[in-house]
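Student:
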Amino acid sequence: MSAAPAAPPSASASAAPRPVAVDVPPWWRLYPNRIVTFWLVELRKIRHDRTELYMRAVQPVLWLLIFGETFSRIRAIPTPPGVSYLAYLSPGIMAQSALFIAIFFGIQIIWERDSGILTKLMATPTPRLALISGKAFAAGVRSVSQVVVILALSAVLQVRFDWNPLHLLGAALVVVLGAAFFSCLSMTIAGIVLHRERLMGVGQAITMPLFFASNALYPVAVMPGWLRALSSVNPMSYEVDALRGMLLGTPTALLLDVGVLAAAVVAGVAAAASLLPRLAR
Amino acid sequence: MAAPPADLPGVALPLTVRDLRVCFGSVTAVDGISFAIRRGEVFGLLGANGAGKTTTIRVTTTLIRASSGSVAVFGHDVRADALRVRHLIGYLPQALSADFQLSGYENVWLFARLFDLPRREREARVREVLRAMGLDDVRDRLVSTFSGGMVRRLELAQALVNRPALLVLDEPTIGLDPLARADVWERVRELREQTGMTVLVTTHYMEEADTLCDRVALMHRGRLVAGGTPGELKAALGPEATLDDVFRHHVGKAIEDEDVTGGGRDVRRTRRAAQRLG
Ligand SMILES: Nc1ncnc2c1ncn2[C@@H]1O[C@H](COP(=O)(O)OP(=O)(O)OP(=O)(O)O)[C@@H](O)[C@H]1O
Ligand SMILES: [Mg+2]
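Chains as they are written, first to last, in the numbering used here: chain A, 1 to 281; chain B, 1001 to 1278.
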């Protein structure tokens, strides 16, 4: 080009110019900071628009009141000794309603992409992994509302839970982990399909299979072999199992459950983060 | 406060672009450009639609990767040192980017957190930039109730909350009425006088570039076709020339040159690609 504007400084300058110093916080400060940040933002959003929260409470209430009460009468499903079917079902519905919230969380990412928010978030000093972790735990915070709804309803229905506050807190943490995983699954799908409608379609197609191929409604023992196999690779089952351990005191492999969930979250965050650049273009 | 500092000897420049090339499939959006921005100046990147301005900016802000060439911000390579580069930059994208589900205050507060401002300073800083952008009265309203000009000023507040050393504005006045445009420029000018920060700006409004920019570069089809101070560029054309004439002269000439070498095919290809995208 004939008219080269403002030629860059010649490479032959005597000493290489010094970069301007910048402090970047270490990762162990950065990640918690980002997760808490997105958490707080999510809380603000919930506060600005509470209708969604109320709408979300309808479905689990129906499940417990209609499905739960009916199947308690029929006594078709075997439960551990001393545990009513309603009590057995409640943790399953807790996990399910958190799943319903999380599995469509990718829509938010797509919406943020379309409204330019995602681009700007990605231009802040927030690594992709931290951004996705933050979003995943934001989904978790939304799903905790479901824990509250179901605990309240269970109290009304006089379900015999273990009301130890530590166990309740444990249950909330398990739901957060589960929601974090399923929101990562949703964001991963968002990164693949890139459009809101397609994500809705895929989300709808996989929600019910995830729910039914788990121990949310019935124990693994009554499943046919193929379903049992599916259930054993479904993080949902581990979530429900851990919740039952916390809330009902039934014997569960809590360490395994939480371990599987945590591993699933790590894998999910990595998968969603690796697809994030597709959304940012 | 102090006037913009001159280049400090031995300290890296705010922006150094060397042989930058960016391709999207068969479309070459940026075709080997080199330029540098000096400390404290307002540098305007001008050019017609599709010239490659936004693409250049997206490489600078670490959002996309160069196909070849290098870009450094204050001596930090955008690829190797993305986090540091992002800390140094305040970015106002061309497209809308505020979160309409949050209030004005919350939008800026979010960025104060994402830029790791210490807790003690956070609130004061958020209020300070909101005040500087004239949004103090509406800060607790949801952004969905803001006018276009208010949203743009809010986005500027977001870009400024980390006190960036390099402010990158991609068409900051797009879609604003003349008064709102003047208002945005006035605030940018004031801030720059106060802080001495460096500004990289793109715009389609030549008279704005003329009054605001210390130096400009004219881009066309991914290449730089002219550069210098607005005064130099105008003088080269004639005593009465405006920056608009400069734009017409260089971009028009480039189109003529291409017609001789069959550039029309390239246009068609670009359009087809754009349709596929849309
Ligand atoms: N993500 C993308 N995928 C494919 N092509 C792209 C992409 N982004 C930009 N382009 C193409 O690159 C070229 C330059 O685009 P760019 O947005 O950088 O131009 P611009 O100078 O900012 O234009 P405007 O003034 O309209 O904003 C255009 O031909 C555009 O179609
Ligand atoms: Mg542009």
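Ideal Cβ placement from N, Cα and C applies to all residues, glycine included.
Pick helix, strand or coil for B:Met-1197, following the three-state DSSP scheme.
Tutor: coil
Student: Check the Cβ of B:His-1220 against every Cβ in chain A and list those closer than 9 Å, keeping chain order.
Tutor: Under the 9 Å cutoff, chain A gives no residues; its nearest Cβ is about 10 Å from B:His-1220.
Student: Less than 7 Å separating the Cβ of A:Gly-259 from some heavy atom of ligand 1?
Tutor: no
Student: Comparing the C-beta of A:Ala-280 with each C-beta of chain B, is any distance below 8 Å?
Tutor: yes
Student: Which of the three DSSP states, helix, strand or coil, is assigned to A:Ala-138?
Tutor: A:Ala-138: helix per DSSP, three-state reduction.
Student: Taking a Cβ distance cut-off of 8 Å, strictly less, list which residues of the region 114-143 of chain A are near chain B, in chain order.
Tutor: Ser-115, Gly-116, Ile-117, Thr-119, Lys-120, Leu-121, Met-122, Ala-123, Thr-124, Pro-125, Thr-126, Pro-127
Student: Near ligand 3, which residues have their beta-carbon less than 7 Å from any of its heavy atoms, given in chain order?
Tutor: Among the ligands in the structure shown, ligand 3 does not appear; only ligand 1 and ligand 2 can be found there.
Student: What are the uninterrupted segments assigned as beta strand (DSSP E) that are 3 or more residues long and contained completely in the region 154-226 of chain A, given in chain order?
Tutor: none
Student: Which of helix, strand or coil does DSSP assign to B:His-950?
Tutor: The shown model of chain B, from 1001 to 1278, leaves out residue 950 of chain B, and the question about it has no answer.
Student: Specify, as a first and last residue, the run of the alpha helix (DSSP H) that A:Phe-38 falls within.
Tutor: Note, A:Phe-38: alpha helix (DSSP H), 27-48.
Student: On the DSSP bridge list, what partners appear for B:Met-1219?
Tutor: B:Met-1219 pairs with B:Gly-1047, B:Leu-1224.
Student: I want to verify the contact list: residues of chain B whose CB lies under 7 Å from the CB of A:His-195, in sequence order.
Tutor: The premise fails here: A:His-195 is roughly 13 Å from chain B at the closest Cβ pair, so nothing lies under 7 Å.
Student: Closer than 8 Å, CB to CB, is A:His-167 near chain B or not?
Tutor: no
Student: With three or more C-beta pairs closer than 8 Å as the rule, is the region 103-117 of chain A touching the region 153-167 of chain A?
Tutor: Remark: fewer than three beta-carbon pairs, one from each stretch, lie closer than 8 Å, so the region 153-167 of chain A and the region 103-117 of chain A are not flagged as touching.
Student: Does A:Ile-222 have its Cβ less than 8 Å from a Cβ in chain B?
Tutor: In the sequence as presented, Ile is not what sits at residue 222 of chain A; that position holds Val. Chain B contact via Cβ: absent.
Student: Tell me whether B:Phe-1024 counts as near ligand 1, meaning its Cβ is closer than 7 Å to at least one heavy atom of that ligand.
Tutor: B:Phe-1024: yes, Cβ under 7 Å from ligand 1.
Student: Return yes when the Cβ of B:Ser-1068 is within less than 8 Å of the Cβ of B:Asp-1031, no when it is not.
Tutor: No, the pair does not count as a contact, with Cβ atoms beyond the cut-off.
Student: To the nearest whole angstrom, what separates the beta carbons of A:Phe-181 and A:Val-265, a pair I think is in contact under 8 Å?
Tutor: 5 Å
Student: Return helix, strand or coil for B:Thr-1055, following the three-state DSSP convention.
Tutor: The answer is helix: DSSP assigns B:Thr-1055 an H, G or I state.
Student: Assign A:Leu-217 to one of two classes, buried (16 or more other C-beta atoms within 10 Å of its C-beta) or exposed (fewer than that).
Tutor: Result: buried.
Student: What residues are listed by DSSP as bridge partners for B:Cys-1036?
Tutor: First, the residue type needs correcting, since residue 1036 of chain B is Ala and not Cys in the sequence shown. Paired residues: B:Thr-1016.
Student: Across the region 124-144 of chain A and the region 1165-1183 of chain B, are there enough close Cβ pairs to call them in contact, namely three or more that are closer than 8 Å?
Tutor: no
Student: Run the proximity test for B:Gly-1044: is its beta-carbon closer than 7 Å to any non-hydrogen atom belonging to ligand 1?
Tutor: It does not: the Cβ of B:Gly-1044 is nowhere closer than 7 Å to a heavy atom of ligand 1.
Student: Is B:Val-1042 helix, strand or coil by DSSP?
Tutor: strand
Student: Counting beta carbon pairs with one atom in the region 1148-1156 of chain B and one in the region 1170-1180 of chain B, are three or more of them shorter than 8 Å?
Tutor: yes
Student: Tell me the rounded alpha-carbon separation between A:Val-193 and A:Arg-44.
Tutor: So the alpha carbons of these two residues sit roughly 29 Å apart.
Student: I'd like to know whether the C-beta of A:Arg-18 is nearer than 8 Å to at least one C-beta of chain B.
Tutor: True, the Cβ-Cβ gap to chain B drops below 8 Å.
Student: Consult DSSP for B:Phe-1111 and reduce its assignment to one of helix, strand or coil.
Tutor: helix
Student: Output, in chain order, the set of chain A residues within a Cβ distance shorter than 8 Å of B:Leu-1102.
Tutor: Val-41, Arg-44, Lys-45, His-48
Student: If you check the beta carbons only, do A:Ala-171 and A:Met-246 fall under 8 Å apart?
Tutor: yes
Student: Among the residues of its own chain, which have a CB less than 6 Å from the CB of B:Pro-1093, if the five just before and after it don't count?
Tutor: So the qualifying residues of the chain are Asp-1170.
Student: Can you name the residues of chain A whose CB is closer than 8 Å to the CB of B:Glu-1106?
Tutor: Val-41, Arg-44
Student: Going by the beta-carbon positions, is the gap between B:Leu-1191 and B:Leu-1046 smaller than 8 Å?
Tutor: Not in contact: B:Leu-1191 and B:Leu-1046 (Cβ atoms no closer than 8 Å).
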